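Data block below; observations after.
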Amino acid sequence: MTTAPLIEAKDLVKTYGSHPRLIGKSYPVRAVDGVSLKLMRGETLGLVGESGCGKSTVGRLILGLEAPDNGSVTFDGSPLARAGSAEWRRSRARMQMVFQDPLSALDRLLPVAAQVREPLVIHKFGSQAQMDKRVADLLNAVGLTAAQGRRLPGELSGGQRQRAVLARALATSPDVLVCDEPTSALDMLVQSQVLELLAEIQSKSGVAMLFISHDLRALRRVSDRVAVMYLGGIVEEGPVNEVLETPRHPYTQALISSVPGVHGLNPNRILLSGEPPNPTQRLPGCAFQPRCPRAVQACSYTAPTLRPISNVSHRVACHLLHTGLHRPTP
């Protein structure tokens, strides 16, 4: 693995206008607030957080499906081309996305094999015979038969549809695969099968993956590193086992403690008070401060930055770890 990142995002900011109220004006919602991350060749970076934290928006910004208000994305050492441009369309062969709902991502009126073939036609893969062989190989690689390839999406199970979406995403042999909650709509058994397939694909092809999920157990199975998001920002980042086994940010600790075990809820789970702040009314300081059981005065007026702790690859945005301030864990 080379030291140069395949994708590097710097200080990404994305704001949306909220829906206007019956009386009054709309208020901006900052979905992504200063996110920086790197994705190395051949690795899987997990991006985790609660619903609405901005992780899916980060995935779209990285692929150029949306433009950031501020910040930049570089792909293979060059600035990401403007969406819709000829250069961007060419780069799409090297960057693909797997969406959460496979049925919505597929054309319900077109056989699966024809949809796997579409990217090959768009990017002029080769002759008809070469495309036929490529489609057959892709279906086989994701565990679908030729007969299943002739069916419509509605005639397949949820797991089979997700396999079809994966086959289509892999058609052009991309360098980057962004998987946005690819298993959340599936039952536990099928989730496990799809995760195993993703790990196998990554191992064999060397594709770099950004795996977006709220499921820590799924993320742990496929990821090399993990970045934890809260209200549009990254609060902790590092090797997946280190972050999940020895979390340092109070939010990461609470998130991990909420994962049920084989006997049900964790009796030692950390219960956070209150609700997340209104995203239209961002306050100064740490975004987690209103709910943090260890907050100190500095958290109210100064936003912490991601900084290394035990080693340079494990970074945390928390005043308690970098300023000498201390408040005992409750």
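Sequential numbering of the sequence shown, starting at 168, is according to our numbering.
Idealized CB from N, CA, C, for every residue including glycine.
This one's a predicted model, so the numbers in the text were calculated from it and none came from an experiment.
How far does the beta strand (DSSP E) with residue i in it reach, from first residue to last?
i: residue 379; result: 375 to 380
i: residue 263; result: 262 to 265
i: residue 174; result: 174 to 184
i: residue 205; result: 195 to 206
i: residue 424; result: Not the beta strand (DSSP E): residue 424 falls in the alpha helix (DSSP H), residues 417 to 424.
i: residue 463; result: Segment: none, residue 463 is in no beta strand (DSSP E) and carries neither H nor E.
i: residue 214; result: 211 to 215
i: residue 241; result: 237 to 242
i: residue 385; result: First-last for residue 385: 383 to 389, but that is the alpha helix (DSSP H), not the beta strand (DSSP E).
i: residue 547; result: There is no way to answer for residue 547, as the model of the chain reaches only from 168 to 497.
i: residue 392; result: 392 to 397
Residue i and residue j look like a contact to me (Cβ under 8 Å); what is the Cβ gap, rounded to whole Å?
i: residue 387; j: residue 407; result: 6 Å
i: residue 417; j: residue 459; result: 5 Å
i: residue 283; j: residue 352; result: Not quite, the Cβ-Cβ distance comes to about 20 Å (not below 8 Å), so this is no contact.
i: residue 248; j: residue 254; result: 4 Å
i: residue 305; j: residue 334; result: 4 Å
i: residue 514; j: residue 210; result: The requested residue 514 does not occur in the structure, where the chain is confined to residues 168 to 497.
i: residue 395; j: residue 374; result: At roughly 23 Å, the Cβ-Cβ gap does not stay under 8 Å, so residue 395 and residue 374 are not in contact.
i: residue 325; j: residue 357; result: 6 Å
i: residue 347; j: residue 267; result: 5 Å
Which residues in the same chain as residue i place their Cβ atom closer than 8 Å to its Cβ, once the five residues preceding and following it in sequence are excluded?
i: residue 236; result: 180, 181 and 182
i: residue 362; result: 350, 385, 388 and 389
i: residue 308; result: 334, 337 and 368
i: residue 364; result: 309, 310, 330 and 333
i: residue 451; result: 467, 468, 469 and 470
i: residue 341; result: 260, 261, 262, 263 and 374
Distance, Cα to Cα, residue i vs residue j?
i: residue 215; j: residue 379; result: 6 Å
i: residue 194; j: residue 482; result: 32 Å
i: residue 277; j: residue 262; result: 23 Å
i: residue 447; j: residue 271; result: 30 Å
i: residue 399; j: residue 300; result: 43 Å
i: residue 265; j: residue 336; result: 7 Å
i: residue 288; j: residue 294; result: 9 Å
i: residue 225; j: residue 269; result: 20 Å
i: residue 252; j: residue 258; result: 10 Å
i: residue 302; j: residue 462; result: 55 Å
i: residue 296; j: residue 242; result: 32 Å
i: residue 171; j: residue 478; result: 19 Å
i: residue 487; j: residue 468; result: 14 Å
i: residue 475; j: residue 310; result: 42 Å
i: residue 133; j: residue 473; result: Given that the chain is displayed from residue 168 to residue 497, the structure contains no residue 133 and the question cannot be resolved.
i: residue 497; j: residue 466; result: Caution is warranted here: a pLDDT of 44 is assigned to residue 497, below 50, making its placement in the model unreliable, and no coordinate value can be reported.
i: residue 189; j: residue 222; result: Because residue 189 carries a pLDDT of 49, less than 50, the predicted location of this residue cannot be relied on, and the following value inherits that uncertainty. When rounded, the distance between both Cα atoms is 29 Å.
i: residue 359; j: residue 366; result: 11 Å
i: residue 275; j: residue 227; result: 24 Å
i: residue 319; j: residue 244; result: 40 Å
i: residue 405; j: residue 480; result: 5 Å
i: residue 137; j: residue 199; result: Here the chain comprises residues numbered 168 to 497, so residue 137 is not present and cannot be evaluated.
i: residue 370; j: residue 410; result: 22 Å
i: residue 442; j: residue 197; result: 17 Å
i: residue 273; j: residue 292; result: 21 Å
i: residue 440; j: residue 372; result: 45 Å
i: residue 298; j: residue 383; result: 38 Å
Among residues of its own chain, excluding the 5 on either side of residue i, which ones have a beta-carbon nearer than 7 Å to its beta-carbon?
i: residue 397; result: 216, 220, 418, 454 and 455
i: residue 178; result: 201, 203, 237 and 238
i: residue 229; result: 174, 176, 240, 345 and 377
i: residue 414; result: 403, 420 and 423
i: residue 438; result: none
i: residue 290; result: 260 and 339
i: residue 218; result: 381
From what residue to what residue does the alpha helix (DSSP H) around residue i run?
i: residue 336; result: 325 to 337
i: residue 357; result: 355 to 372
i: residue 352; result: Run containing residue 352: none; DSSP gives neither H nor E here.
i: residue 307; result: 295 to 308
i: residue 272; result: 269 to 272
i: residue 286; result: 279 to 289
i: residue 257; result: 253 to 258
i: residue 226; result: 222 to 230
i: residue 316; result: 313 to 316
Here's a check: name, in chain order, each residue in its chain whose Cβ is nearer than 6 Å to the Cβ of residue i, leaving out the five neighbours to either side.
i: residue 231; result: 247, 250 and 255
i: residue 485; result: 416 and 471
i: residue 444; result: 457
i: residue 286; result: 338 and 339
i: residue 494; result: Reliability fails at residue 494, whose pLDDT of 49 lies under 50, so the model's placement of it is uncertain and the value that follows must be treated cautiously. These residues qualify, in order along the chain: 461 and 463.
i: residue 506; result: Residue 506 cannot be examined here, being either before or after the span of the chain that is shown, 168 to 497.
i: residue 425; result: 436
i: residue 233; result: 227
Within the chosen definition, does the segment 225 to 239 reach the segment 307 to 317 through at least 3 CB pairs nearer than 8 Å? no
Stretch-stretch touch, CB-based, cutoff 8 Å, three pairs: the segment 204 to 215 with the segment 364 to 378: yes
Three or more C-beta pairs below 8 Å linking the segment 323 to 330 and the segment 198 to 205: no
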